[in-house]
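4 protein chains.
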Amino acid sequence: MTAPNYGQTFAHMREGCLPSWQAYTRHAFVQGLGDGTLPRKAFLHYLVQDYVFLVHFSRAWSLGVVKSETLDEMKVCAATVDALVNHEMALHVKTCAAEGISEQQLFDAREEVENIAYTRYVLDAGLQGDFLDLMAALAPCVFGYGEIGLQLAQTTNADAPYAGWINTYADPEYQSVCATVGEMLDGAVARRLGDDPTASARWATLQDRFTTATDLEVRFWDMGLRGV
Amino acid sequence: MTAPNYGQTFAHMREGCLPSWQAYTRHAFVQGLGDGTLPRKAFLHYLVQDYVFLVHFSRAWSLGVVKSETLDEMKVCAATVDALVNHEMALHVKTCAAEGISEQQLFDAREEVENIAYTRYVLDAGLQGDFLDLMAALAPCVFGYGEIGLQLAQTTNADAPYAGWINTYADPEYQSVCATVGEMLDGAVARRLGDDPTASARWATLQDRFTTATDLEVRFWDMGLRGV
Amino acid sequence: MTAPNYGQTFAHMREGCLPSWQAYTRHAFVQGLGDGTLPRKAFLHYLVQDYVFLVHFSRAWSLGVVKSETLDEMKVCAATVDALVNHEMALHVKTCAAEGISEQQLFDAREEVENIAYTRYVLDAGLQGDFLDLMAALAPCVFGYGEIGLQLAQTTNADAPYAGWINTYADPEYQSVCATVGEMLDGAVARRLGDDPTASARWATLQDRFTTATDLEVRFWDMGLRGV
Amino acid sequence: MTAPNYGQTFAHMREGCLPSWQAYTRHAFVQGLGDGTLPRKAFLHYLVQDYVFLVHFSRAWSLGVVKSETLDEMKVCAATVDALVNHEMALHVKTCAAEGISEQQLFDAREEVENIAYTRYVLDAGLQGDFLDLMAALAPCVFGYGEIGLQLAQTTNADAPYAGWINTYADPEYQSVCATVGEMLDGAVARRLGDDPTASARWATLQDRFTTATDLEVRFWDMGLRGV
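Protein chains in written order, with the UniProt record's numbering: chain A, 1 to 228; chain B, 1 to 228; chain C, 1 to 228; chain D, 1 to 228.
Encoded structure:
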């Protein structure tokens with residue numbers, strides 16, 4: 001699949017780690033979501049871990065507000081926190097509730113080591129670096145799920161086992177979040193790295209953050225499969 | 001005026017620095033807002049500084065999401081960021097626009113030293129301490145404006161010069177924010193300090209943060225008056 | 001082995017997660033260090049990862065200075081950063097240099113997921129919580145290595161394969177660091193939690209941080225063994 | 001006085017705010033230190049505030065370790081923390097002890113609003129931005145005191161009232177700190193902004209941080225004079 005149009009920065013960084021990106025977006029877990037062969041037990045294990053992931057991901061996007069330097073950056077980050085806390089996490093709560101798992105149980109779930117590694121890496125990118133360092137580490141999750149959603153939606157029926165999950169991310173509302181974040185990110189990059197960002201001194205470091213976060217997405221899917 | 005009912009923690013901390021609290025809530029600037037004698041120039045000077053204040057205050061409430069340990073703490077902080085960015089700041093934008101000051105000009109305004117001191121003190125309370133340290137430093141602004149709004153609304157006519165400002169804070173919507181924050185704060189205190197928080201080892205430190213932030217509110221009004 | 005005397009806080013937290021603590025301090029990797037059966041390849045793999053670990057551990061102790069509230073806390077944290085950067089890491093540099101691995105190669109080593117998880121968890125404990133939250137997450141490494149050093153030194157000859165490693169931690173200089181940190185930690189706990197800290201509302205949360213960090217130590221040894 | 005040779009970055013930033021820089025380094029307070037006309041009371045007021053300033057300045061340099069991306073950055077920041085905590089602050093402790101003011105009294109001194117503004121602004125520069133943002137805000141104090149020390153030492157006798165203060169900063173040891181920090185800063189800038197840093201997109205923002213911190217130095221001297 002070609003890259004969705006989430007802006008220039010995403011296109012460059014995705015291209016800069018294509019093997020990792022494909023290992024992430026075409027992972028066996030993803031394929032199992034698409035063709036419905038993923039065991040329910042693995043899905044639920046993933047969903048519980050992903051809920052805790054989103055808690056810390058919301059903390060990281062809030063750190064994005066703390067690190068913003070423009071009004072636009074603040075507003076996009078604040079809106080993303082709202083989307084995560086009040087919408088994306090609701091899918092997890094609803095699906096898990098149907099299986100008898102309460103939201104407090106989700107919040108208190110014991111984190112797998114891959115989960116800790118990913119979320120705390122992102123938060124530390126924000127503590128150690130600036131807004132761009134944090135965004136480069138946040139980007140693979142936001143954009144990757146958008147790309148996976150679009151990709152799986154092309155071949156999934158409405159009554160497929162994981163159609164609800166797929167539609168959450170293929171949905172125009174989520175795609176619109178990706179487009180907005182991508183546009184904001186391009187502006188944030190231009191503001192700090194100028195007109196030719198991939199030629200700037202910091203690009204390799206930022207690419208490394210994007211690549212590391214992408215590799216940690218792969219480990220997250222591995223963890224999901226292990227839950228079978 | 002008696003303390004509005006914004007919870008036990010607020011009641012204790014307000015009582016713990018009553019002279020400072022009264023210097024803040026009964027300041028000459030506040031009286032000038034109430035009786036309409038505050039020069040327009042001073043009000044506009046204050047409003048521009050307060051806009052920049054709210055930018056950093058939003059950053060501090062976002063840091064509150066980063067530091068939350070419960071779902072309720074996260075949700076209240078995220079909702080407060082939304083209220084600040086999308087509602088409270090709108091009053092400033094609208095009022096200043098009528099005077100020919102654009103939002104970008106507000107965002108870029110040169111901060112007075114009292115403004116820097118207050119906002120950065122609050123942010124550092126969050127960096128240095130935990131969720132309670134941050135909340136103790138955030139509380140005087142949230143609750144004080146609520147109390148001032150109620151107090152001034154008792155004697156203000158709808159056509160008074162600063163009725164718009166007063167109503168923003170006397171409004172049930174803002175009062176509801178105060179009540180929600182107060183309830184969340186009581187829960188956050190109980191969770192960390194137990195059933196008898198004022199007897200706990202940390203109380204003096206937390207009171208000191210509340211008192212320092214209250215004193216910085218006084219300096220902020222002083223700065224407003226200096227703008228004449 | 002009974003707990004070394006590194007203060008009351010350590011004694012309580014160690015007791016509060018004894019199975020995890022024993023899984024950590026009596027791990028197969030530790031036994032292999034003691035009886036010399038640990039393959040050299042596994043040791044070097046561990047040493048390279050541990051160097052990067054110490055880089056981030058130094059960052060976390062520096063965050064301890066940022067979060068200190070007393071002069072004593074500042075001084076102990078600053079001295080620990082100095083001990084890490086200028087002494088403990090020197091063992092790694094020297095040992096690795098003998099194997100043809102430069103310090104820059106160590107600094108640039110690709111981190112294993114267990115390494116990322118542990119160091120970033122500790123740093124985030126400091127970002128999310130206060131000084132105690134950070135210290136509870138830092139404690140298992142400092143004190144555990146002291147305990148392991150003492151334990152292995154009882155049965156190790158001076159010419160044993162890993163005597164250099166063992167002596168680094170059994171050494172009076174390192175033991176003195178443990179005692180100093182332990183005493184400072186007891187003071188920090190008394191200041192914030194009072195005279196009966198294990199009965200305080202925050203104790204369970206702090207124990208959880210200590211336990212999680214201990215479990216991540218176990219995973220770190222697992223990772224070391226995997227390097228064979 | 002021409003700029004001391006503390007590296008290219010300092011030279012550019014100093015030049016970029018020359019009126020502010022001169023208001024800082026040629027302030028009436030500085031002149032009073034040099035010719036001995038500064039009232040003792042003002043000096044002591046300044047010294048007490050400066051002690052608390054150095055506490056938070058040490059916290060900010062420790063945050064520099066947290067934000068470092070190279071071994072050299074870490075080592076220089078850690079060494080600066082050591083120099084501050086164990087050497088520069090000793091002058092204050094010793095001088096104040098001779099006046100009957102204990103170190104604990106210094107640590108607990110009530111901060112003036114200019115003091116809060118300056119130190120928390122620097123700390124927030126580190127929280128909001130990256131290593132360079134923090135360094136740009138830390139630089140005016142480090143380099144300015146070096147320049148002032150050299151400047152005053154040219155015309156001061158050994159028995160002048162404030163010769164001790166002047167010598168602390170004119171001393172080769174302190175000048176060596178300035179040179180080391182300046183060299184590290186040039187490297188940090190090259191790493192992130194490339195070969196022509198003043199032409200980079202971020203330069204204006206970094207200059208603004210340096211200028212703001214310089215202006216806050218001016219306010220700090222104002223505060224010192226007010227202590228008369």
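Glycine included, each C-beta is placed from N, C-alpha and C at the ideal position.
Exercise for review: Using three-state DSSP, classify C:Tyr6 as helix, strand or coil.
Suggested key: coil
Review point. Quick check: the segment 104-121 of chain B against the segment 182-194 of chain B, are there 3 or more CB pairs under 8 Å?
Key: no
Review point. So with Cβ pairs under 8 Å, would you call C:Asp82 a contact of chain D?
Key: yes
Check your understanding: Does C:Arg120 get closer than 8 Å to chain A when you measure Cβ to Cβ?
Key -> yes
Check your understanding: How would you label D:Glu173, buried or exposed, when you count the other beta carbons within 10 angstroms and need 16 or more for buried?
Key -> exposed
**Study point:** Reduced DSSP secondary structure (H/G/I, E/B, other) of D:Gly146
**Key:** helix
Review point. For the segment 203-210 of chain C against the segment 127-137 of chain C, are there 3 or more C-beta pairs whose distance is under 8 Å?
Key: yes
Check your understanding: Along chain B, which residues have their Cβ under 7 Å away from the Cβ of A:Arg59?
Key -> Val65 and Val66
Review point. If contact means a Cβ-Cβ distance below 9 Å, which residues of the segment 24-43 of chain B contact chain C?
Key: none
Exercise for review: Closer than 7 Å by beta-carbon distance: list the chain B residues that pair up with D:Leu127, in chain order.
Suggested key: Leu123 and Leu127
Review point. Which residues, taken in chain order from the segment 89-111 of chain B, show a beta carbon closer than 8 Å to some beta carbon of chain A?
Key: Glu103, Gln104 and Phe107
Practice item. To the nearest angstrom, report how far apart B:Val30 and B:Asn157 are at their CA atoms. Key: 16 Å
Exercise for review: Tell me whether C:Lys67 is buried or exposed, calling it buried when 16 or more other Cβ atoms sit within 10 Å of its Cβ.
Suggested key: buried
Review point. With a cut-off of 8 Å, does the C-beta of B:Val52 fall near any C-beta of chain A?
Key: no
Practice item. Could you check if D:Pro19 is buried or exposed, using at least 16 other CB atoms within 10 Å of its CB as the buried criterion? Key: exposed
Point to revise | Local Cβ density within 10 Å of B:Ala154, reported as buried at 16 or more and exposed below that | key: According to the sequence displayed, residue 154 of chain B carries Gln and not Ala. B:Gln154 is exposed by the Cβ-count criterion.
Review point. Run through DSSP, which three-state label would D:Arg219 get?
Key: helix
Practice item. Would you identify the three-state DSSP class for B:Asn157, choosing helix, strand or coil? Key: coil
Practice item. Specify the secondary structure class of C:Cys141 as computed by DSSP and reduced to three states. Key: helix
Check your understanding: Is there contact here, the segment 163-171 of chain C with the segment 138-150 of chain C, by at least three beta-carbon pairs under 8 Å?
Key -> yes
Check your understanding: A:Cys178 lies in the alpha helix (DSSP H); which residues open and close that run?
Key -> Pro172 to Leu193
Check your understanding: How many whole angstroms separate the CB atoms of A:Ala201 and D:Arg202, which I take to be in contact at a CB cut-off of 8 Å?
Key -> With 8 Å as the limit, A:Ala201 and D:Arg202 do not qualify as a contact, their Cβ atoms being about 10 Å apart.
Check your understanding: B:Ser62 and A:Val65: beta carbons closer than 8 Å?
Key -> yes
Check your understanding: Within the 8 Å Cβ cut-off, does C:Ala78 reach chain D?
Key -> yes
Exercise for review: Check whether the Cβ atoms of D:Arg26 and B:Ala117 sit closer than 8 Å, and answer yes or no.
Suggested key: no
Check your understanding: So, does the CB of B:Val85 fall closer than 8 Å to a CB anywhere in chain D?
Key -> no
Check your understanding: Are the C-beta of D:Glu114 and some C-beta of chain B separated by less than 8 Å?
Key -> yes
Check your understanding: Counting Cβ pairs closer than 8 Å, one from the segment 218-227 of chain B and one from the segment 31-51 of chain B, do we hit at least three?
Key -> yes
Review point. Chain C partners of A:Arg14, CB-CB under 8 Å?
Key: Neighbours of A:Arg14 on chain C: none; closest Cβ ~21 Å, over 8 Å.
Point to revise | Neighbourhood of C:Phe57 by C-beta distance below 8 Å, restricted to the same chain and skipping five residues each side | key: Leu84, Thr119, Val122, Leu138 and Cys141
Point to revise | Proximal residues of chain D, C-beta to C-beta of C:Ser176 below 7 Å | key: Within chain D, no residue comes near C:Ser176; the closest Cβ sits about 18 Å away, beyond 7 Å.
Practice item. On a CA-only basis, which of A:Gly187, A:Ala163 and A:Gly7 is nearest A:Leu71? Give me that one, please. Key: A:Gly187
Exercise for review: On a CA-only basis, which of D:Ala199, D:Met74, D:Gly34 and D:Met13 is nearest D:Gly164? Give me that one, please.
Suggested key: D:Gly34
**Study point:** Contact set between C:Leu47 and chain D, taken where Cβ atoms lie within less than 7 Å
**Key:** Simply none; closest approach about 17 Å.
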